[in-house]
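Scroll down for the structure; my scribbles are underneath it.
Numbering (my numbering), first residue to last: 5 to 771.
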């Protein structure tokens, strides 16, 4: 273990400014990458921010989302006091009135106790989002405060990170394996133990824009500058694809066929690591037989990429020593996603690039969860009562969350078990929910809804009765751990620099509510720091052997775990201390006994997307374009930050990318407003003609709404006009409940008239 190598303290005076060193997380929303920042405060006001050159991972660089922090903190859209309104006034923005924190807490306690007495505590659902800090302890809020196991993430098929995490647990028996970018070392790439990847295979991911799940995207640039070569699988011409030695412009939704063909080539050409496979893999013969059913020629036809490029790419990845694979959201967002994830893990395994320097590293400890809370359910058997556990046990029991599609089923019942909702880090109808108007109607049935957020959102406006204002990471003491701690290599301090209004941290709200509702579990913690120190952070040890504390992070800024490669050889992945992996066979399961036990095939297979030119040719005649949603941007994190002037100046409108030939075919030009439509719904976006976009395919942004437009219903900031999730079907998911077709929809595209206030908004944001 080692602390950071900072030469200055966490706070100091610099002329008129008090400078505070911190690491970003949320809110404002972002993945837990932990960009190192210096916050400059004068007279109690955050005036400017700069990158921290001494932070070992980000080294002074920052995403534009972080640079805009002062605008976010002092935004006129921000809500700084608790507010309430009557249930029959939902959707009426004028009905909100300011209340004290005590009154807000009294309302919550009253309704929790009423619902618990009348319907049981399972009637309270905690709705969470992804990426934001509060999403990490949604289970704690639900289980330890409300005594309910019903934690709900509202995206169909839990199509974000969940399929990859589940598949990893089935095949590796471990958390998510990440590309080794030297985050575990205080001296970063200079540590002699680290080795630069010769090749990085980037599959369905745009790390430079997204900094996904804690991975620092700019490290891709660093390694490219050092000589690392890229293979990129993506229908779009990204920064990474433009610099790739091989770019496979795959047809959206067909990745599992391509993954099987890669494995076919590696095995049939004897490019696999015989020693690693023999010692550490289970079911290789059956796996080899299965992937032989997908030849490169057949995959080329299915995926619409040249056969010779498939073979060349598979050879290049297999021959590189070391090689790393970055697999992204596009793996999750299709019903066949588990199978694609299976292929990715198999490629890492059969080439021996698991937990090796410069390959894909594995976490052995969890340093980010703040305690899940599941053991605090009373009785603990309530964990077996999660909604969806009987219909989709593989998902619910692996993820320990409800199944989102079955939650909608339950909400729509006349005699639903749900009667109260608590929304934390979740702007549901603007971001994750497919068919969002259906979700809004279902959520509006709940008798009492509470939301914790920064600004009024479409979800808060539509269905909530009480608004609790949370503060930004500039206003709280906390920590950030990469990959939510699951592939934990590093922890950074988040240090409070300013106070704004009456907002509180997510932990403070949880702690104060817990003290009122279940004092036996909470009253011992008088501060957030006391609670944090008593949770999983204290399982880590300082270099002198004592438990790591938040004060240690404040004193040193960051902490790097004592990382060991090839933990499977040393018994560091198993509680019994034996060599191997935490799977039923003790090996990486190329024949997955867990998938078989859950009722799926134990070997990967390919399924055509639910709607496609191949599977539904008549449907494709009416809706001929393949649509991938969720294209990442430089400025925004999901549905957040649309109210920040700097970011809206950079990226003012929701965009959909189209190939020039397709634009000409449909009589469209760059900058046109267009409708995307299928039999589920439609949304309006601005057209961006991109020569690098795959012909016949569209790529749209997501999470859009307009904070500057009418808040009250039915407008709700015009969220439904621009919500691409209007087009995503209900419960079109994989066999075990994972993955929905967010990346492989079908739609038509045609010209739309711009909204009447476009010129006015252009003037506001762009002069």
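All residues carry an ideal CB built from backbone N, CA and C; glycine is no exception.
Assign residue i to one of two classes, buried (16 or more other C-beta atoms within 10 Å of its C-beta) or exposed (fewer than that).
{"i": "residue 91", "result": "exposed"}
{"i": "residue 476", "result": "buried"}
{"i": "residue 550", "result": "exposed"}
{"i": "residue 87", "result": "buried"}
{"i": "residue 764", "result": "exposed"}
{"i": "residue 418", "result": "exposed"}
{"i": "residue 231", "result": "exposed"}
{"i": "residue 177", "result": "buried"}
{"i": "residue 303", "result": "buried"}
{"i": "residue 671", "result": "exposed"}
{"i": "residue 428", "result": "buried"}
{"i": "residue 242", "result": "buried"}
{"i": "residue 11", "result": "exposed"}
Can you look up residue i in the DSSP assignment and give me helix, strand or coil?
{"i": "residue 733", "result": "coil"}
{"i": "residue 360", "result": "coil"}
{"i": "residue 189", "result": "coil"}
{"i": "residue 150", "result": "coil"}
{"i": "residue 435", "result": "coil"}
{"i": "residue 410", "result": "helix"}
{"i": "residue 662", "result": "strand"}
{"i": "residue 253", "result": "coil"}
{"i": "residue 508", "result": "strand"}
{"i": "residue 383", "result": "coil"}
{"i": "residue 352", "result": "helix"}
{"i": "residue 727", "result": "coil"}
{"i": "residue 477", "result": "helix"}
Measuring alpha carbon to alpha carbon, tell me which of the options ends up nearest residue i.
{"i": "residue 20", "options": "52, 336, 521 and 492", "result": "52"}
{"i": "residue 195", "options": "296, 644, 419 and 566", "result": "566"}
{"i": "residue 586", "options": "17, 39, 367 and 236", "result": "367"}
{"i": "residue 129", "options": "563, 535 and 389", "result": "389"}
{"i": "residue 628", "options": "87, 636 and 701", "result": "701"}
{"i": "residue 753", "options": "262, 739 and 692", "result": "692"}
{"i": "residue 197", "options": "206, 205 and 187", "result": "187"}
{"i": "residue 445", "options": "474, 412, 460 and 215", "result": "412"}
{"i": "residue 269", "options": "223, 224 and 316", "result": "316"}
{"i": "residue 137", "options": "146, 345 and 36", "result": "36"}
{"i": "residue 201", "options": "639, 192 and 324", "result": "324"}
{"i": "residue 209", "options": "663, 351, 646 and 330", "result": "330"}
{"i": "residue 24", "options": "32, 478, 68 and 246", "result": "478"}
{"i": "residue 256", "options": "244, 460, 237 and 242", "result": "237"}
{"i": "residue 67", "options": "41, 77, 263 and 85", "result": "41"}
{"i": "residue 258", "options": "274, 436 and 307", "result": "307"}
{"i": "residue 299", "options": "288, 279, 309 and 266", "result": "266"}
{"i": "residue 14", "options": "523, 685, 720 and 497", "result": "497"}
{"i": "residue 334", "options": "745, 644 and 755", "result": "745"}
{"i": "residue 287", "options": "311, 327, 175 and 189", "result": "175"}
Check the Cβ-Cβ distances between residue i and every residue of chain C, and say whether any is below 8 Å.
{"i": "residue 22", "result": "No chain C appears in this structure, which consists of one protein chain only."}
Quick one: what's got a C-beta closer than 8 Å to residue i's C-beta in the same chain, skipping five residues either side?
{"i": "residue 716", "result": "95, 96, 97, 98 and 465"}
{"i": "residue 320", "result": "203, 233, 235, 249 and 250"}
{"i": "residue 290", "result": "594, 595, 606 and 607"}
{"i": "residue 531", "result": "none"}
{"i": "residue 423", "result": "119, 122, 123, 127, 128, 450, 451 and 452"}
Only counting the same chain, and skipping five residues up and downstream in sequence, which positions put a Cβ closer than 7 Å to that of residue i?
{"i": "residue 570", "result": "359 and 360"}
{"i": "residue 180", "result": "168, 169, 172, 487, 490 and 491"}
{"i": "residue 408", "result": "156, 157, 158, 159, 160 and 162"}
{"i": "residue 535", "result": "511, 515 and 529"}
Per DSSP, which residues does residue i bridge with? Please list them.
{"i": "residue 751", "result": "629"}
{"i": "residue 691", "result": "660"}
{"i": "residue 482", "result": "498"}
{"i": "residue 426", "result": "130 and 454"}
{"i": "residue 45", "result": "22 and 50"}
{"i": "residue 551", "result": "545"}
{"i": "residue 87", "result": "102 and 471"}
{"i": "residue 138", "result": "DSSP, once it has assigned bridges, lists no residue as partnering residue 138."}
{"i": "residue 682", "result": "685"}
{"i": "residue 234", "result": "204"}
Looking only at its chain, what residues have a beta carbon closer than 6 Å to the beta carbon of residue i, apart from the 5 residues adjacent to it on each side?
{"i": "residue 582", "result": "575"}
{"i": "residue 430", "result": "131, 132 and 133"}
{"i": "residue 727", "result": "440 and 687"}
{"i": "residue 426", "result": "130 and 454"}
{"i": "residue 792", "result": "Only positions 5 to 771 of the chain appear in the structure, and residue 792 is not among them; the question remains open."}
{"i": "residue 604", "result": "739 and 740"}
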